[in-house]
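When we follow the working numbering, the leftmost residue of the sequence shown carries the number 325, and every step to the right adds one.
Read the structure below first, then the notes.
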Amino acid sequence: MLRRNLDEGWAIVLTALYLPGAVHGLHLDRKRWLAVVGAMRSQRASLESAEFVLRGTGLFAEAAALSGSGALAWAERLFEIGRVMTCLDDAYPERWLSVLKEQAPPVLWRKLG
325 MLRRNLDEGW
335 AIVLTALYLP
345 GAVHGLHLDR
355 KRWLAVVGAM
365 RSQRASLESA
375 EFVLRGTGLF
385 AEAAALSGSG
395 ALAWAERLFE
405 IGRVMTCLDD
415 AYPERWLSVL
425 KEQAPPVLWR
435 KLG
């Protein structure tokens, strides 16, 4: 169910928020990634509306991380060159999602080469 009816922008949002070394510099609770995806899905959010949607659903820290920090542009570049894998990718281990649920890492660095 998690990987159905996805918007590519949601993976970029997860990358911007939760990839280790993110440019926003905030310490976000990675267990909230399911709430982020749920908010984005329920509001049919786009990449451009992500900050507004997250703020409107009470995910204030996540919205702040996207606000003016350059985090989305940074994440978009990494996503475009294939440097990250998110829990929304088909290649992400399904077993991690079924067993770990919100404890599963929402985004990982991908080794090139």
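Beta carbons are placed, not taken as given, at the ideal position from N, Cα and C, and that holds for glycine.
- Judged by DSSP secondary structure, Val360 falls within the alpha helix (DSSP H) whose first and last residues are 357 to 366.
- Between Leu378 and Ala395 a beta carbon distance of about 12 Å is seen, past the 8 Å cut, so the two are scored as non-contacting.
- If you draw a 10 Å sphere on the C-beta of Arg368, you find fewer than 16 other C-beta atoms in it, and that means exposed.
- CA-CA distance, Gly392 to Leu432, rounds to 23 Å.
- Proximity to Pro429 across Lys435, Trp420, Ala359 peaks at Trp420, based on C-alpha coordinates.
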